[in-house]
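K.L.:
Residue numbers (this note's numbering): 31 to 161.
Glycine included, C-beta positions come from ideal geometry on N, C-alpha and C.
Being a predicted model, the structure only gives us computed values, none of them experimental.
Have a look at the structure that comes next, please.
Given below as structure tokens:
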């Protein structure tokens, strides 16, 4: 099943299908944790424990799952160092670094419009009864 959008900017005949590249990318970076991890790794290489401490509320299991998914998609590399105790470093790949530009733009947009969005939510919540 596909949806064709003719009233929004973009390429003519733009379609959202199960094989849509936008959908595929949003499946990865649209979750709660991936963007935070990419942004942190965009600053520097981190060890697992550093990431875990830096991201409030993420469980070790979810951090492991998200890092594996980002690595599978070629966005993050994992380097194991033979030491005692073992040390594992995570860093963005070249492909992962290309994601920093769009994420920076999203951050700037969110910062610029945060108050507008909060005001809209408050108006909506006053006008529309809770269900």
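1) Is residue 145 near the ligand HEM, judged by its Cβ being under 7 Å from some heavy atom?
2) Suppose only complete runs of 3+ residues qualify. What are the beta strand (DSSP E) ranges in the segment 74–142, listed by chain order?
3) To the nearest angstrom, how far is it from the Cα of residue 145 to the Cα of residue 137?
4) What residue range is occupied by the uninterrupted alpha helix (DSSP H) comprising residue 158?
5) Inspect the beta-carbon positions of residue 125 and residue 72 and report whether they are closer than 8 Å.
6) In the DSSP assignment, find the alpha helix (DSSP H) that holds residue 61 and state where it starts and stops.
7) Which whole-angstrom value describes the C-beta separation of residue 55 and residue 133, a residue pair presumed to lie in contact below a C-beta threshold of 8 Å?
8) Can you check which of these residues, 62, 115, 75, is closest to residue 88 by C-alpha distance?
9) Once DSSP output is grouped into helix, strand and coil, what is the label at residue 32?
10) Mapping the DSSP letters down to three states, classify residue 54 as helix, strand or coil.
P.N.:
According to the structure data:
1) Annotation note on the ligand HEM: not contained in the displayed structure, which lists no ligands.
2) Listed in chain order, they are 106–111, 117–122.
3) Taking the straight line joining both Cα atoms gives about 14 Å.
4) From DSSP, residue 158 is part of no alpha helix (DSSP H); its letter is neither H nor E.
5) If you check the CB distance, residue 125 and residue 72 do not come in under 8 Å.
6) It is not in any alpha helix (DSSP H) - residue 61 carries neither H nor E in the DSSP assignment.
7) In fact, because the Cβ distance is near 12 Å, the residues do not count as touching under 8 Å.
8) Nearest option by C-alpha distance: 62.
9) Per-residue confidence for residue 32 stands at a pLDDT of 41, beneath the threshold of 50, marking its modelled position as unreliable; the derived number appears in the next sentence. In the structure shown, residue 32 sits in coil (DSSP, three-state: anything other than H, G, I, E or B).
10) Residue 54 sits in a helix when the DSSP states are folded into three classes.
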